[in-house]
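Protein chains in written order, with the numbering used here: chain P, 46 to 263; chain V, 46 to 263.
Quick reminder that beta carbons are idealized off the backbone N, C-alpha and C, glycines included.
Remember, predicted model here, so these are calculated numbers, not experimental data.
Down below is the structure, laid out as structure tokens.
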DNA sequence: AGGTAAAGTTACAAATAAGTTACAAAAAAA
DNA sequence: TTTTTTTGTAACTTATTTGTAACTTTACCT
């Protein structure tokens with residue numbers, strides 16, 4: 046399990062590397078925002094990020110806001126900044142936890158484990174005869190692998206990730222087409238839903254008219 | 046939403062009562078473990094517990110371990126005890142968070158909100174024989190799914206979201222028709238209410254003449 | 001009680017959202 | 001390059017949804 050530490054203090058890096066690897070985590074550390082950004086390009090799966098705010102090439106909080114948050118990776122802030130407003134802002138933005146330096150390594154590990162325990166989610170979701178493997182990004186229909194185009198797959202994944210919840214067309218447009226950068230109109234979503242449905246032997250996608258789409262378990 | 050504070054310091058009790066009630070939580074405070082135990086007999090629903098460790102009649106950590114943990118209520122420790130082993134032990138036992146005194150009220154509130162957000166289960170509101178599932182956007186009448194048109198559903202949702210509160214026609218017009226962009230007259234709302242009522246076996250919607258509509262629980 | 005304004009009711013034509021199909025441009029793979 | 005796949009749009013179809021008008025009933029006021 047990979048943990049990414051974004052921190053420029055070598056003593057902390059070494060200390061955490063030692064302590065976390067003893068607990069069987071794999072710690073990857075980057076000392077600058079630039080390096081972290083480059084690392085994200087590699088698409089290595091990260092279970093948790095430990096993030097400093099004061100970094101050599103920028104503010105970690107902003108980095109969290111504009112990049113990490115969208116990737117949906119749980120993040121613990123670990124920083125010397127103890128200002129109440131920063132703590133509150135970080136937590137409200139979505140940080141899983143906030144620790145101030147100096148910190149107890151054992152406490153950090155306990156908090157890391159809590160976060161990981163919490164965020165542990167199933168990577169294979171099964172609905173009726175359709176199986177979605179999030180790790181492999183493969184969809185099975187009665188055991189048979191079904192071939193989807195990139196966008197089809199992303200939309201289906203979004204629906205699976207929101208099992209039992211309506212996903213509005215608006216959210217689909219936002220989440221899927223923010224990545225491509227393309228500006229696309231509403232009907233496109235409809236067409237994609239048709240394509241996805243056409244590839245599945247069972248229609249597991251409910252339409253809630255005027256609102257969105259939903260996949261229910263069972 | 047009820048929050049139970051188990052704490053013997055009056056200054057903290059008063060401060061938190063003020064701060065949390067401002068955020069629309071209802072704070073119930075007990076100063077001893079004995080009183081807390083008695084309170085649990087009453088079976089009042091508690092969303093979160095804030096727990097001190099050093100209490101006049103015992104150790105909060107033990108109380109958590111033998112009583113609270115079994116009740117499965119998320120608990121934040123708020124205590125002067127900063128000993129690493131106690132913090133780690135509390136977190137490992139199952140505490141949702143651990144804050145040491147002195148603490149920032151705003152930070153505590155942010156952490157309280159995080160915990161509550163996390164533990165929020167399903168958003169289903171039930172009134173008499175009608176159930177509204179906000180996640181699925183489904184309405185059940187005696188267990189049977191009722192079919193609503195988009196606007197009907199949105200209006201009914203608005204009323205459910207304002208349970209026990211009057212929603213004025215004006216607000217309905219604003220909130221519902223701001224989305225469609227259409228400019229619609231007053232009577233339309235009346236017609237929609239008729240349509241919604243017509244689909245439900247029980248009329249749970251009260252009309253307050255000249256003011257608006259309201260759904261009451263019970 | 002009766003007048004009055006608000007809300008309820010009904011029916012209908014217009015508007016619309018989602019489903020569908022087909023196609024050309026763009027991107028990726030060969 | 002050529003070939004194949006993917007993508008976005010446009011045009012069409014459908015059943016549903018929507019808004020209004022005209023009329024009736026209800027609740028509240030003096």
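Counting contacts by CB-CB distance shorter than 9 Å, is residue i in contact with chain V?
{"i": "residue 216 of chain P", "result": "no"}
{"i": "residue 259 of chain P", "result": "yes"}
{"i": "residue 220 of chain P", "result": "no"}
{"i": "residue 163 of chain P", "result": "yes"}
{"i": "residue 117 of chain P", "result": "no"}
{"i": "residue 62 of chain P", "result": "no"}
{"i": "residue 166 of chain P", "result": "no"}
{"i": "residue 158 of chain P", "result": "yes"}
Please state the DSSP three-state secondary structure of residue i.
{"i": "residue 137 of chain P", "result": "helix"}
{"i": "residue 52 of chain V", "result": "coil"}
{"i": "residue 80 of chain V", "result": "helix"}
{"i": "residue 197 of chain V", "result": "helix"}
{"i": "residue 149 of chain P", "result": "coil"}
{"i": "residue 143 of chain V", "result": "strand"}
{"i": "residue 158 of chain V", "result": "helix"}
{"i": "residue 74 of chain V", "result": "strand"}
{"i": "residue 102 of chain V", "result": "coil"}
{"i": "residue 172 of chain V", "result": "strand"}
{"i": "residue 211 of chain V", "result": "coil"}
{"i": "residue 228 of chain V", "result": "coil"}
{"i": "residue 178 of chain V", "result": "strand"}
Just curious, the alpha helix (DSSP H) that residue i is in, first and last residue?
{"i": "residue 105 of chain V", "result": "105 to 108"}
{"i": "residue 223 of chain V", "result": "214 to 225"}
{"i": "residue 191 of chain V", "result": "Unbroken run through residue 191 of chain V is the beta strand (DSSP E), 189 to 191; no alpha helix (DSSP H)."}
{"i": "residue 239 of chain P", "result": "231 to 244"}
In the DSSP assignment, find the beta strand (DSSP E) that holds residue i and state where it starts and stops.
{"i": "residue 258 of chain P", "result": "257 to 260"}
{"i": "residue 251 of chain V", "result": "250 to 253"}
{"i": "residue 124 of chain P", "result": "120 to 124"}
{"i": "residue 95 of chain P", "result": "93 to 96"}
{"i": "residue 186 of chain P", "result": "183 to 186"}
By the criterion of Cβ-Cβ separation under 7 Å, what are the contact partners of residue i in chain P?
{"i": "residue 195 of chain V", "result": "254, 255, 256"}
{"i": "residue 137 of chain V", "result": "155"}
{"i": "residue 114 of chain V", "result": "Within 7 Å Cβ-Cβ: nothing; residue 114 of chain V doesn't reach chain P, min ~15 Å."}
Which residues of chain V have a Cβ atom closer than 9 Å to the Cβ of residue i, listed in chain order?
{"i": "residue 265 of chain P", "result": "Residue 265 of chain P cannot be examined here, being either before or after the span of chain P that is shown, 46 to 263."}
Can you name the residues of chain P whose CB is closer than 9 Å to the CB of residue i?
{"i": "residue 181 of chain V", "result": "209, 210, 211, 251, 253, 259, 261"}
Flag residue i as yes if its beta-carbon sits less than 9 Å from any beta-carbon of chain P, otherwise no.
{"i": "residue 186 of chain V", "result": "no"}
{"i": "residue 198 of chain V", "result": "yes"}
{"i": "residue 142 of chain V", "result": "yes"}
Return yes when at least one heavy atom of the ligand SAM lies under 8 Å from the C-beta of residue i, else no.
{"i": "residue 197 of chain V", "result": "The ligand SAM is not among the ligands present in this structure, which contains no ligands whatsoever."}
- Message: Assess contact between the region 199 to 211 of chain V and the region 171 to 185 of chain V, defined as three or more Cβ pairs (one per stretch) separated by less than 8 Å. Is contact present?
- Response: yes
- the region 80 to 90 of chain V touching the region 248 to 262 of chain P, judged by at least three CB pairs closer than 8 Å: no
- Cβ pair count under 8 Å reaching 3, the region 248 to 257 of chain V against the region 151 to 165 of chain V: no
- Is it true that the region 182 to 197 of chain P meets the region 122 to 135 of chain P, where meeting means three or more beta-carbon pairs spaced less than 8 Å apart? no
- Message: Can you confirm whether the region 224 to 239 of chain P touches the region 58 to 70 of chain V when touching is taken to mean that 3 or more C-beta pairs between the two stretches lie within less than 8 Å?
- Response: no
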